[in-house]
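Protein chains in written order, with my numbering: chain A, 1 to 791; chain B, 1001 to 1303. Cβ coordinates follow ideal geometry from the N, Cα and C atoms, glycine included. Input: a single structure, listed below in structure tokens.
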Amino acid sequence: MMSANSSSEKHSVSFLHLMRENLRRRIWSVALSSLLFFFMFPIMMMLQVSHYLDASNFVSLSDPAPAMKHAKQQVFSNFIGWVETDDPFLSFILLCLAVVIAASAFSWLHNSRKTDFYHSLPVSRARLFHAVNLNSLLIVGVPYLIMSLLAAAITQTSTGHSGCFIAALLGYLGHMAFFLLGYMTVVLAMMLTGNVFVGLLGTGTFFIWGPCFVALVFGLMNRYFYTFCDSEEMIQWFMHRSSAFLWMFPFSGDAAVSAPVRAALALAASAALMIIDLLLYFRRRSESAGHAMAFGITEAPIKLMIIVPIAIGCGLIFQELMESDAWTVFAIVCALLIGGCIMEIIFRFDFRQLFAHKSHLLIGLLLSLGIFAFFRFDLAGYDRYLPDRTKLSSAGVVTDIYDNIWNYNHRFELHDDGDNVYLSQVDNEPTPKVLRRMELHDLDTVYAIAGEGIAEASQLRDIPFGKNVYETAGSGDTDVRTCKVYIAWHLANGRQVLRQYTVNAAKLHNDLDRLHDSTDHKKAFYPIFSVTADALAGVNYQDIDNTAHIRFPSDADMKELLLTYQEEFGALTAEDRRREMPIGALQFKTHEFQHMVDRLRETQGYIGMLSDYHFYPVYPSFDGTLALLEKCGITLNSSLDPDRIESLVINDNRSFDGDPSWEEVESKRRSPLVIHDKEQIREVLDHAFVNGLNCENRLGPVYYGLDISVRAAFEESDAQDSPDASDNADAVDPDIADGRSDLYTAAYENSGSIDFYSYSLSLDAANIPDFIRDYFELTDDDIRRDSIQSY
Amino acid sequence: MIESVGLTKRFDDVIAVDHISAEIREASVFGLVGTNGAGKSTFLRLAAGILKPDEGCVRIDGEEVYENPGIKQSFFYIPDDQYFFSNVTPIEMMVFFSHIYPTFDTARFQKLLTAFELPSGRKINTFSKGMKKQLSILLGISSGTKYLFCDETFDGLDPVMRQAVKSLFANDISERGLTPVITSHNLRELEDICDHVGLLHKGGILFSKDLEDMKLGIHKLQCVLRPEQDISGLNHALEGFEVLRDEQRGSIHTLTIRGGAPGILTKMEALDPLFFELVPLSLEEIFISETEVTGYDVRKLIF
């Protein structure tokens, strides 16, 4: 090799000549690429311009200028969306081009005549490899650049918006990085194989194997590890990184990786792949042309890497369908044999060679069954995991039994590109984030919860498929209150281990109460505790009738309200929540929150989402908070005036023991009870809670077996400015004189000449009026079954 | 000089070339003969640096060939089934090779195209097999390389073309010291062109010798003995010479003898048979004689 290099230096064929000759052989690729980009960019933009900016569209308007401006903005936005790195269609087109260009660039490696021809020429493999690759880059890159700049020129000229060229260039760089990644991946497949068809199969394998493998592993963990904390974000994170194909596209679950970062990483991965491709090309033997695989040594590993996951995947499907270990094993064996034979046919190009390598099949079978047993019988003890206390620094626990985590941890992001302002959700799963920031040091409680979860997961593993552990525990067991608990073990070494358990909350009454009352738990679960007085911009309140801003006499009052609420909410115990229900709710707005509100209001964007979340309950025992609200002229109203009520309708919505059919349930349920009598209405209202607040008390004494619908007559004092704003506190002008705009949470109905508001009520489980109990023949078991007040 | 040392190439379980050691001198025509599957093409692909040897090496002018572009510029490889780019004409191939081989003589190529009556502007994929062979040879000769590797190149050429190619070779050998290495499964094809011949069988080389040496050192003697003479007298007279073959048809004895012609003639004159003469051996007969000694029946191998 050393002497080879010295000779090659002296007599090397010009690299440019080599590129030119290679390009001559690939004229069709140039034509394809040019044509594609010609229609995708200049023609596409001309169509857009012609469609949106046609003067005839505006002739009927008295003042066409605003419409024209809007149309130009639309064309500009379309162009930006079309060329940007995140555009999935363009990424897909470039991926297809990468496959075509790479497969054709190295197709000669799959033909022995062509391989002999090229390898007999006085050209080093490295030089040939680089010439071919550089040409591939130019074949796609040059037409793409020219056509996108042409489209930018068309857009800029037609709309007058600047920034088209920069956007086109940035998009170009990003997409070319993705193209390179796809291209180098296909070249890798071509280098590893000796046949175009097998090379294309290899390309497909490279693109989909990773995501399929990730899905399979998560599927197995989800199916067999009962404490596995299934996370869509985590799956997406792994999937996004498991394939060049998926890396080209933005993933909602992996939003932390922005387009420039993805492009930069794609470029780095392309460089690494190029080195691997080149090394493989050096090692590749000319005689491998025409064979399925260029490197015989790769056959067995590749075969096993494909057939073992397929076999296990088929086993998993049969497991889901048949819920039987025997069927699972049958599916694994069948899939492995069929998959192995198909792979052998592909490798040998000979149907008679089905069982050419029985040893591979045997190894595959042992591997598949071994992996199946590993998950099925939890050989690693995944579900039994309980960290050593000495290795633990803290823990986080989240359960849905107290509150809906979304109510308080729904995070928004404002997208603001001038005229187009809208909100989007920042993350799909708040639980892992809450768990991450929660640092509980009362580890006895956490161990007790986890221990119960482990014991129940162990029972679940041993019972027949498809049955719930609580079903087998005995129907009608009223001491069973299941709930999901997520635990994050924060280890001293910085690692975090996540587990989820389904536990019987009734058995953990004291532990769950301790957890609820823990300050560490509250601080992590409710973001209100991290809001400082300086960060506060305003407060909204809500009761059964109103949702509005609070006008504070001074900023100091506003800050005092925050601190008082934090103190009282922090002192709220589970026992308190079992006794009382919220009479109102407060939404504390930070400056960041207020900025989003203001921008959306300015641009008439959709603001409703902001009024649905982050409302904190105000309980009757929050004396300090209530007093401060009074100071601002606000008295929270939690009850309806019986005189406004025309009638009550009580619907039977009870559940029943066992697993009754729909027909059985319907036959057991009583017909609705309609109440017109004022005394009875008053009695019901005295023992009912009005639903409709944007917060809830899941520990509250509420009976959900009966639904109460109320029709309340319209009152003059209920007048509102605009029904459109009824669900939206921040849609109101903040400068309304009295600081309150009476906006109604109740559904507004207009029935002929009389207007009504409909309310929904729930009964107090502990105080259901006798006439209702008698009518529906309610037993204590009925009430306990459909109450959620305790565990 | 081309030198192979312990050259070995395996394709899976098959040993295509088995420890071949040989030398090919410059400015001579080296013929490599052998049956199909003997390893001729593999040897040539190894020599052209297309295949990487499993053991041993091929050196051209002292440098190993594999992945050595500098040395690769000293030869032109013409395979049995030459690849041409799709939809190209001879002129386009000429342009391609002229960029690859700095010594490519485009004027000579065009002249030769005309001489061989090959249409320069017609697409090569419309050419007959023979025309493609001719074109390959013309490209090879015009490349101006020191060595020319021809794999079964004469197979498919008509006798007139074969003769024309041979004269081209002869011309380039004398003018610029071209060294063609030609493989063939047909000895007769190489008989009148090769200076040196190597015989391959099952991946190994049976022998490699100068044709002239072989012709000078081996002779066919035909003689008719007088009635009073018998075969023992003839054998006695030829003592000191190795008689490779001895046949008698009627009264005519045909002996293949290793040794110099003057010595044999002197001995025969001394014996004074009724008739004798030394007949030149064909290449085929030389091979039969040489290989029989080594225990091979060359007629099964190459005819």
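State the beta-bridge partners of residue i as determined by DSSP.
i, result
"Glu1055/B", "Thr1008/B"
"Phe569/A", "Per DSSP, none; premise fails for Phe569/A."
"Ala266/A", "Answer by DSSP bridge pairing: none, since Ala266/A is not bridged."
"Pro617/A", "Ala585/A"
"Met293/A", "Thr193/A"
"Lys1209/B", "Val1197/B"
"Lys1220/B", "Thr1256/B and Val1279/B"
"Lys484/A", "Thr502/A"
"Glu1003/B", "Glu1023/B and Arg1059/B"
Can you list, in chain order, the residues of its chain whose CB lies under 6 Å from that of residue i, leaving out five sequence neighbours each side?
i, result
"Val333/A", "none"
"Lys523/A", "Phe529"
"Asp707/A", "Asn651 and Asn653"
"Lys1052/B", "Tyr1066"
"Gln353/A", "Glu344"
"Leu1271/B", "Ala1237"
Note down the Cα distance separating residue i from residue j, rounded to an integer number of angstroms.
i, j, result
"Gly752/A", "Asp643/A", "Any answer about Gly752/A is weak, because its pLDDT of 47 lies below 50 and its placement is not dependable; what the coordinates show is given next. Their backbone Cα atoms lie some 21 Å apart in a straight line."
"Ile736/A", "Ala548/A", "Confidence is the limiting factor: at Ile736/A the pLDDT is only 33, short of 50, which leaves the residue's position unreliable, though a coordinate-based value still follows. Near 10 Å, if we compare the C-alpha coordinates of Ala548/A and Ile736/A."
"Gly739/A", "Glu663/A", "At Gly739/A, the pLDDT of 32 sits below 50, so the modelled position is not reliable; the number obtained from the coordinates is stated separately. In a straight line, the C-alpha of Gly739/A is about 53 Å away from that of Glu663/A."
"Leu188/A", "Gly160/A", "45 Å"
"Leu180/A", "Ser270/A", "6 Å"
"Thr472/A", "Phe225/A", "Because the pLDDT at Thr472/A is just 45, under 50, the model does not fix this residue reliably, and the point stays unresolved."
"Phe569/A", "Phe771/A", "37 Å"
"Lys1267/B", "Ile1193/B", "33 Å"
"Ser1086/B", "Ser286/A", "21 Å"
"Leu1238/B", "Leu1278/B", "14 Å"
"Thr1183/B", "Leu36/A", "49 Å"
"Val186/A", "Gly199/A", "8 Å"
"Phe593/A", "Leu629/A", "21 Å"
"Asn1125/B", "Thr1114/B", "19 Å"
"Met221/A", "Ser458/A", "15 Å"
"Glu425/A", "Tyr613/A", "Note that residue 425/A corresponds to Gln in the displayed sequence, not to Glu. C-alpha separation (whole angstroms): 12 Å."
"Ser33/A", "Met147/A", "10 Å"
"Pro301/A", "Met46/A", "52 Å"
"Met596/A", "Phe89/A", "31 Å"
How about residue i and residue j: do their beta carbons lie closer than 8 Å?
i, j, result
"Ile487/A", "Ile449/A", "yes"
"Phe347/A", "Ala292/A", "yes"
"Leu1221/B", "Ile1257/B", "yes"
"Arg41/A", "Leu150/A", "Sequence check: residue 41/A is Phe here, not Arg. Closer than 8 Å, so yes."
"Leu336/A", "Ser368/A", "yes"
"Ile1015/B", "Val1058/B", "no"
"Ile1205/B", "Ser1289/B", "no"
"Lys1202/B", "Leu1178/B", "no"
"Leu1265/B", "Val1224/B", "no"
"Gln1082/B", "Ser1041/B", "no"
"Ile1141/B", "Leu1168/B", "yes"
"Val261/A", "Ala167/A", "no"
"Phe213/A", "Ala131/A", "no"
"Leu693/A", "Ile675/A", "no"
"Tyr526/A", "Tyr408/A", "yes"
"Met248/A", "Pro211/A", "no"
"Leu18/A", "Arg127/A", "yes"
"Leu600/A", "Val329/A", "no"
Go through its chain and collect everything with a Cβ distance to residue i's Cβ below 8 Å, but skip five positions before and after it.
i, result
"Thr1254/B", "Lys1220, Leu1221, Gln1222, Arg1245, Asp1246, Glu1247 and Gln1248"
"Phe351/A", "Ile345"
If you drop the 5 nearest sequence neighbours on each side, which residues of the same chain put their C-beta closer than 7 Å to that of residue i?
i, result
"Asp780/A", "none"
"Gln566/A", "Ile528 and Phe529"
- Message: Three or more C-beta pairs under 8 Å: does that hold for the segment 576-589 of chain A against the segment 692-703 of chain A?
- Response: Verdict: yes, contact present.
- Are three or more beta carbon pairs between the segment 1024-1031 of chain B and the segment 83-100 of chain A nearer than 8 Å? Short answer: they don't touch.
- Task: Flag this pair as touching only if the segment 559-567 of chain A and the segment 513-520 of chain A have three or more C-beta atom pairs under 8 Å; answer yes or no.
- Result: Touching, no.
- Query: If we count Cβ pairs, one from each stretch, closer than 8 Å, do we get three or more for the segment 191-208 of chain A versus the segment 392-406 of chain A?
  - Reply: No: fewer than three Cβ pairs fall under 8 Å.
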